[in-house]
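Trainee: One structure follows; several queries about it will come next.
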DNA sequence: TAGATTGTTAATCGATTAACAATC
DNA sequence: TAGATTGTTAATCGATTAACAATC
């Protein structure tokens with residue numbers, strides 16, 4: 001019981017997508033069993049770490065055999081909630097909004113994008129990448145009416161906190177943020193930020209260090 | 001001496017962009033000094049951690065005073081190599097390539113994009129977002145002739161390792177990768193990957209967990 | 001000088017690795 | 001059954017936090 005209560009650390013969670021990705025590859029190659037040792041060779045994590053990671057969620061393996069690829073893939077998909085569907089909207093009908101809207105991995109991960117929103121009146125009413133662009137004024141209503149759970153922010157940093165506030169007020173459950181800002185949201189709202197600029201500066205650091 | 005030799009851990013490096021960002025904000029607001037305590041309030045890192053982090057690179061503060069914002073900002077910029085200029089090319093003249101090409105933070109971080117490359121003959125020869133699109137066949141020559149140091153991969157996963165290999169063969173020093181693949185590159189080539197899909201799955205996990 | 005806050009050492013915490021009994 | 005490999009406990013390592021002497 002006590003075991004179930006202990007929250008799995010974020011660092012473990014962020015390794016799960018990698019497991020899932022390699023398991024998908026193995027499935028494609030019709031491999032049906034894999035040991036933690038072999039998975040270590042693929043992922044670069046140690047076999048010990050892999051077993052520790054997986055055992056946070058249950059005993060998916062079998063002594064003397066390893067892990068069944070199909071079963072483990074399904075389990076991890078379930079843990080990651082890939083089997084669930086989430087309705088999402090994108091704010092910012094710019095280039096980044098386009099990338100997100102047309103991103104095929106989205107549907108594969110169980111996300112469905114319903115609409116885009118933009119403050120630019122020239123874009124409002126148009127259809128971009130198969131999605132209708134609405135005015136920001138209509139966003140709250142749309143979110144409530146369509147039970148949208150996820151909001152995606154692709155606007156520049158200055159407008160982003162306001163959008164996040166609007167999302168929260170409208171009842172959104174999670175935000176995928178691309179603006180280079182540390183958004184403030186209530187504890188019960190999930191915030192996941194992609195920090196492109198931080199990644200670029202990290203690249204810059206290592207390039208400079210090696211010089 | 002021995003101190004200079006110890007490599008700063010990656011986890012520390014990845015906090016530097018956040019420091020830099022908040023210091024930029026403080027500069028904009030004409031704040032001229034800040035204590036580790038105050039910086040803790042902004043960044044969410046502990047004051048102790050901030051002092052530890054900064055002392056990896058030198059004693060930038062002053063007892064009884066704190067840190068001079070301007071000076072610290074400059075120091076961190078230098079550590080991150082923001083003052084250096086790197087020449088880059090983008091492979092993949094698609095939507096993601098467009099995002100990168102028009103990304104203003106790029107120039108601000110010292111990166112200069114010289115050209116785009118694409119395998120699609122319909123795109124080759126065109127100018128997209130102010131950048132000429134060349135054939136992949138001409139890439140190696142272009143990189144050598146223009147001393148390009150950074151290659152940016154925005155193609156789908158299947159072509160990505162080949163591009164990385166071509167980059168490496170042409171003498172590129174660092175790769176910013178957006179393909180959902182763990183690219184293999186020699187030790188002396190810097191690889192920084194943006195894993196959009198991993199981020200999305202992490203969001204999915206926490207959404208599902210909270211349900 | 002007195003007060004403030006750093007730089008740095010020591011203590012703690014958490015994550016990774018090692019080891020091995022359990023068991024398929 | 002014997003061999004293989006997990007699940008799990010214990011040991012190690014590294015990162016974070018606490019504490020405080022140094023000093024501006």
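Protein chains in written order, with the UniProt record's numbering: chain A, 1 to 211; chain B, 1 to 211.
Where is the CB? At the ideal position from N, CA and C, for every residue including glycine.
Keep in mind it's a predicted model, so treat the numbers as computed, not measured.
1. For residue 126 of chain A, which residues in the same chain have their Cβ closer than 6 angstroms to its Cβ, ignoring the five residues on either side in sequence?
2. Closer than 8 angstroms between beta carbons: that is the criterion. Which residues of the region 3-17 of chain B meet it against chain A?
3. Does any residue of chain B have a CB that is nearer than 9 angstroms to the CB of residue 67 of chain A?
4. How should residue 108 of chain B be labelled, buried or exposed, when 16 other C-beta atoms within 10 angstroms of its C-beta is the threshold for buried?
5. Is the CB of residue 74 of chain A under 9 angstroms away from at least one CB in chain B?
6. Using only CA atoms, which one of A:201, A:179, A:202 lies nearest to residue 192 of chain A?
7. With a 10 Å radius around its C-beta and 16 neighbouring C-beta atoms as the bar for buried, classify residue 169 of chain A as buried or exposed.
8. Out of A:32, A:12, A:21, state which residue places its alpha-carbon closest to the alpha-carbon of residue 57 of chain A.
9. Quick one: Cα of residue 63 of chain B to Cα of residue 59 of chain A, how far?
10. Taking 9 angstroms as the threshold (beta carbon to beta carbon), is residue 167 of chain A in contact with chain B?
11. Suppose the cutoff is 6 angstroms on Cβ atoms and the five residues either side in sequence are ignored; what does the same chain contact list for residue 92 of chain B look like?
12. Under 8 angstroms: do the region 135-151 of chain B and the region 115-123 of chain B share three or more Cβ pairs, one atom per stretch?
13. Taking its Cβ as the centre, do 16 or more other Cβ atoms sit within 10 Å of residue 223 of chain A, making it buried, or is it exposed?
14. Please classify residue 4 of chain A: does DSSP put it in a helix, a strand, or coil?
15. Have a look at residue 151 of chain A and residue 131 of chain A and give me their C-alpha separation to the nearest angstrom.
16. State the DSSP-derived secondary structure class of residue 112 of chain B, mapped to helix, strand or coil.
17. What does a CB cutoff of less than 8 angstroms around residue 75 of chain B pick up in its chain, not counting 5 residues either side in sequence?
18. If you compare alpha carbons, which of A:196, A:36, A:123 is closest to residue 52 of chain A?
19. To the nearest angstrom, report how far apart residue 66 of chain B and residue 158 of chain A are at their CA atoms.
20. What does residue 213 of chain B reach in chain A if we use C-beta pairs closer than 8 angstroms?
21. By the criterion of Cβ-Cβ separation under 9 angstroms, what are the contact partners of residue 121 of chain B in chain A?
22. Quick one: what does DSSP say residue 248 of chain A is sitting in, helix, strand or coil?
23. What does the alpha-carbon distance come out to for the pair residue 32 of chain B and residue 23 of chain B?
24. So is residue 204 of chain B buried or exposed if we call it buried at 16+ other beta carbons inside 10 Å?
25. Whole angstroms are fine: how far does the CA of residue 149 of chain A sit from the CA of residue 171 of chain A?
26. Would residue 197 of chain A pass as an interface residue toward chain B - the criterion being a Cβ-Cβ separation below 9 angstroms?
27. Tell me whether the beta-carbon of residue 129 of chain B lies closer than 9 angstroms to the beta-carbon of residue 101 of chain B.
28. Which bits of chain B does residue 194 of chain A rub up against, with CB to CB less than 8 angstroms?
29. Quick check on this structure: which residue in B:55, B:183, B:69, B:80 has the alpha carbon closest to the alpha carbon of residue 29 of chain B?
30. Tell me the start and end of each unbroken alpha helix (DSSP H) in the UniProt DNA-binding region "H-T-H motif" (18-57) of chain B that is at least 4 residues and wholly inside, in chain order.
31. Take residue 166 of chain B as the anchor and find which of B:187, B:136, B:146 has the nearest alpha-carbon.
32. Would the beta-carbon of residue 10 of chain A fall within 9 angstroms of that of residue 14 of chain B?
33. May I have a chain-ordered list of the alpha helix (DSSP H) segments no shorter than 4 residues that lie completely inside the UniProt domain "CoA-binding" (81-182) of chain B?
34. For residue 70 of chain B, which three-state DSSP category applies?
35. In this structure, does DSSP put residue 194 of chain B in helix, strand or coil?
36. 9 angstroms is my cut-off, CB to CB: does residue 180 of chain A come that close to chain B?
Mentor: Let's see:
1. Within the first chain, numbered from 1, the residue matching residue 126 of chain A stands at position 126. Taken in chain order, the residues that qualify are 133.
2. Of all residues in the region 3-17 of chain B, 13, 14, 16, 17 have a Cβ within less than 8 angstroms of some Cβ in chain A.
3. Sequence index remark: in the first chain, residue 67 of chain A carries index 67 (1-based). Not flagged as an interface residue toward chain B: residue 67 of chain A, since no C-beta distance is shorter than 9 angstroms.
4. Looking up residue 108 of chain B in the second chain gives position 108. Per the 10 Å Cβ criterion, exposed.
5. One-based indexing of the first chain puts residue 74 of chain A at position 74. Taking CB atoms only, residue 74 of chain A has no neighbour in chain B less than 9 angstroms away.
6. In the first chain, counting from the first residue as 1, residue 192 of chain A sits at position 192. Of the candidates A:201, A:179, A:202, the one whose C-alpha sits nearest the C-alpha of residue 192 of chain A is A:179.
7. On the first chain, residue 169 of chain A is found 169 positions in, with the first residue counted as 1. Exposed is the call here.
8. As a working note, residue 57 of chain A is residue 57 in the first chain. Distances from the CA of residue 57 of chain A to each of A:32, A:12, A:21 were compared; the closest alpha carbon is that of A:12.
9. For the purposes of this step, residue 63 of chain B is taken as the residue at position 63 of the second chain. For the purposes of this step, residue 59 of chain A is taken as the residue at position 59 of the first chain. Taking the straight line from one Cα to the other gives about 53 angstroms.
10. If you number the first chain from 1, residue 167 of chain A lands on position 167. With 9 angstroms as the cut-off, residue 167 of chain A does not count as an interface residue toward chain B.
11. On the second chain, residue 92 of chain B is found 92 positions in, with the first residue counted as 1. So the list reads 154, 155, once near-sequence residues are dropped.
12. Under the Cβ criterion (8 angstroms, minimum of three pairs), the region 135-151 of chain B counts as touching the region 115-123 of chain B.
13. With chain A running from 1 to 211 in the structure shown, residue 223 of chain A is simply not present.
14. Residue numbering aside, residue 4 of chain A sits at position 4 when the first chain is read from its first letter. Note that residue 4 of chain A scores a pLDDT of 44, beneath 50, so its modelled location is shaky; the value from the coordinates is reported in the next line. Reduced to three states, the DSSP call for residue 4 of chain A is helix.
15. On the first chain, position 151 is the one that residue 151 of chain A refers to. On the first chain, position 131 is the one that residue 131 of chain A refers to. Rounded to the nearest angstrom, the two C-alpha atoms are 15 angstroms apart.
16. In the second chain, residue 112 of chain B corresponds to position 112, counting from 1. Residue 112 of chain B: strand per DSSP, three-state reduction.
17. By one-based count along the second chain, residue 75 of chain B stands at place 75. Counting only Cβ-Cβ distances below 8 angstroms, and skipping sequence neighbours, we find 57, 58, 60.
18. Residue numbering aside, residue 52 of chain A sits at position 52 when the first chain is read from its first letter. Comparing Cα-Cα distances from residue 52 of chain A to each of A:196, A:36, A:123, the minimum goes to A:36.
19. For the purposes of this step, residue 66 of chain B is identified with residue 66 of the second chain, where counting begins at 1. For the purposes of this step, residue 158 of chain A is identified with residue 158 of the first chain, where counting begins at 1. Taking the straight line joining both Cα atoms gives about 29 angstroms.
20. The structure shown does not extend to residue 213 of chain B, since chain B is modelled only from 1 to 211, so the question has no answer here.
21. For this step, residue 121 of chain B is matched to residue 121 along the second chain. Neighbours of residue 121 of chain B on chain A: none; closest Cβ ~22 angstroms, over 9 angstroms.
22. Chain A is shown from 1 up to 211; residue 248 of chain A falls before or after that span and cannot be answered.
23. Numbered from 1 along the second chain, position 32 holds the residue referred to as residue 32 of chain B. Numbered from 1 along the second chain, position 23 holds the residue referred to as residue 23 of chain B. Near 10 angstroms, if we compare the C-alpha coordinates of residue 23 of chain B and residue 32 of chain B.
24. Here residue 204 of chain B is taken as the residue at index 204 of the second chain, counted from 1. Burial call: buried.
25. The residue labelled residue 171 of chain A in the question sits at position 171 within the first chain. The residue labelled residue 149 of chain A in the question sits at position 149 within the first chain. Cα to Cα, the separation comes out at about 8 angstroms.
26. Numbered from its first residue, the first chain carries residue 197 of chain A at position 197. So, interface residue.
27. Along the second chain, one-based indexing puts residue 129 of chain B at 129. Along the second chain, one-based indexing puts residue 101 of chain B at 101. It is a contact, given that the beta carbons lie within the stated cut-off.
28. The residue you call residue 194 of chain A lines up with position 194 of the first chain. Per Cβ cutoff of 8 angstroms: 194, 196, 199.
29. Looking up residue 29 of chain B in the second chain gives position 29. Out of B:55, B:183, B:69, B:80, the CA that lies nearest to the CA of residue 29 of chain B is found in B:69.
30. 36-43, 47-55
31. Taking the second chain and counting its residues from 1, the one referred to as residue 166 of chain B is at position 166. Taking only the C-alpha atoms, the option nearest residue 166 of chain B is B:136.
32. Stepping through the first chain from its first residue, residue 10 of chain A is reached at position 10. Stepping through the second chain from its first residue, residue 14 of chain B is reached at position 14. Taking 9 angstroms as the Cβ cut-off, residue 10 of chain A and residue 14 of chain B do not qualify as a contacting pair.
33. 95-101, 104-108, 139-145, 157-170
34. Here the question's residue 70 of chain B lines up with position 70 in the second chain. Helix at residue 70 of chain B.
35. On the second chain, residue 194 of chain B is found 194 positions in, with the first residue counted as 1. Correct three-state label for residue 194 of chain B: coil.
36. Position 180 of the first chain, counted from the first residue, corresponds to residue 180 of chain A. Output row for residue 180 of chain A: interface = yes.
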